[in-house]
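Under my numbering, the first residue of the sequence shown is numbered 47, with each subsequent residue one higher.
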Amino acid sequence: WLTVEKLAPDSLDSAGQTALHLAADRGHPTIIKCLYKAGADIHAADHDGISVLQAAVIAGNVDICKLLCQLGANPDQPDRDGDTPRNCAEDDPALQALMSRASQGQLVFELEDVDFQKELETLGRLPPPSPSPLSSLAAV
47 WLTVEKLAPD
57 SLDSAGQTAL
67 HLAADRGHPT
77 IIKCLYKAGA
87 DIHAADHDGI
97 SVLQAAVIAG
107 NVDICKLLCQ
117 LGANPDQPDR
127 DGDTPRNCAE
137 DDPALQALMS
147 RASQGQLVFE
157 LEDVDFQKEL
167 ETLGRLPPPS
177 PSPLSSLAAV
């Protein structure tokens with residue numbers, strides 16, 4: 047059996063991709079959740095600087111992109127060419143809207159999987175809350 051204690055979630059393949067990259071690219075939310083719980087870096091980038099979120103955007107999977115953003119992935123993380131998940135989403139209206147909301151801090155961490163959220167709380171792996179647009183006004 048593979049246990050969390052034996053898992054090296056940020057190990058790289060020959061292209062510098064982590065298991066999280068592969069799960070995001072292929073649309074496997076259960077594997078993404080398992081890797082995240084095990085401490086996988088949501089901001090990992092491959093040898094070309096492509097982030098986990100950018101891999102999911104390129105694959106066109108809105109649900110995976112939403113999950114990654116809820117876990118704290120950055121829609122404005124540039125790759126080596128300066129491309130970001132947000133500008134890679136420009137050809138897909140649903141992805142474009144999601145990336146825009148995420149980059150503005152409007153994507154609230156609301157997992158439908160309550161058990162997963164409880165596990166993250168127990169592990170201390172809940173992502174930081176998205177800043178409220180009103181909280182930035184309070185600082186003015």
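All C-beta atoms, glycine included, are put in the ideal place defined by N, C-alpha and C.
Excluding residues up to 5 positions away in sequence, Pro75, Ile78 lie with their Cβ nearer than 7 Å to the Cβ of Leu113 in the same chain.
The region 83-100 makes contact with the region 66-75: 3 or more CB pairs, one atom from each, lie closer than 8 Å. Apart from the 5 residues on each side of it in sequence, Ile104 sits with its Cβ closer than 7 Å to the Cβ of Cys134 in its chain, given in chain order. Annotation for Ala148: Cys115, Pro121 place their beta carbon closer than 7 Å to its own, counting only its chain and skipping 5 residues before and after. Take the alpha-carbon of Gln150 and the one of Ala54: they are about 32 Å apart. Note on geometry: alpha-carbon atoms of Ile110 and Ala102 lie some 6 Å from one another. Counting along the chain, Arg72 sits inside the alpha helix (DSSP H) bounded by residues 65-72.
If you draw a straight line from the Cα of Leu117 to the Cα of Ile88, it is about 7 Å long. In this structure, Asp56 lies near Ala86, with their beta-carbon atoms less than 8 Å apart. Note: Ser97 is bridge-paired with Ala91 in the DSSP secondary-structure output.
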